[in-house]
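Novice: The numbers in the numbering used here rise by one with no breaks, and the one at position 60 of the sequence shown is 52.
Beta carbons: idealized from backbone N, C-alpha and C, even for Gly.
Below you'll find the structure I mean.
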Amino acid sequence: MVRNLDENLSKIFTPKRIALFSALSGRDTTKSLAKKLNRNPKSIARDIAVLEDFGIVRKKKKGKEVEVELIAREIVISK
-7 MVRNLDENLS
3 KIFTPKRIAL
13 FSALSGRDTT
23 KSLAKKLNRN
33 PKSIARDIAV
43 LEDFGIVRKK
53 KKGKEVEVEL
63 IAREIVISK
């Protein structure tokens, strides 16, 4: 059970997703995050989708941009 939990957590919280989580400051756009993290906007969008599935962020369409709002301020994982 613990091994399975560790495997799942490492799939969800990759180093790039952790950096993305850390870079979020309230409401950012996918484009601004890609620029800030020097990453492809499509890669950022995929990572945001995963974080949104777990209730960490919320996406909102604003015109042509996708705004990302941080929902979770802190993530605590205990075994």
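Expressed to the nearest angstrom, what Euclidean distance is found between the alpha-carbon atoms of E44 and L29?
Specialist: Going from the Cα of E44 to the Cα of L29 covers about 19 Å.
Novice: Short check: CB of R65 to CB of V42, under 9 Å?
Specialist: No; because the gap between Cβ atoms is not below 9 Å, this pair is not in contact.
Novice: Does DSSP put K51 in a helix, in a strand, or in coil?
Specialist: Residue state, collapsed to three classes: strand.
Novice: Kindly indicate which three-state DSSP category R38 falls into: helix, strand or coil?
Specialist: DSSP places R38 in helix when its eight states are reduced to three.
Novice: For I63, count the other beta carbons within 10 Å of its own beta carbon; 16 or more makes it buried, fewer makes it exposed. Which is it?
Specialist: It is exposed - the Cβ of I63 has fewer than 16 other Cβ atoms within 10 Å.
Novice: Does DSSP put T6 in a helix, a strand or coil?
Specialist: T6 falls in the coil class under three-state DSSP.
Novice: What span of residues does the alpha helix (DSSP H) with L25 cover, start to end?
Specialist: First-last of the alpha helix (DSSP H) with L25: T22 to L29.
Novice: On the three-state DSSP scale, how would you describe L43?
Specialist: Residue state, collapsed to three classes: helix.
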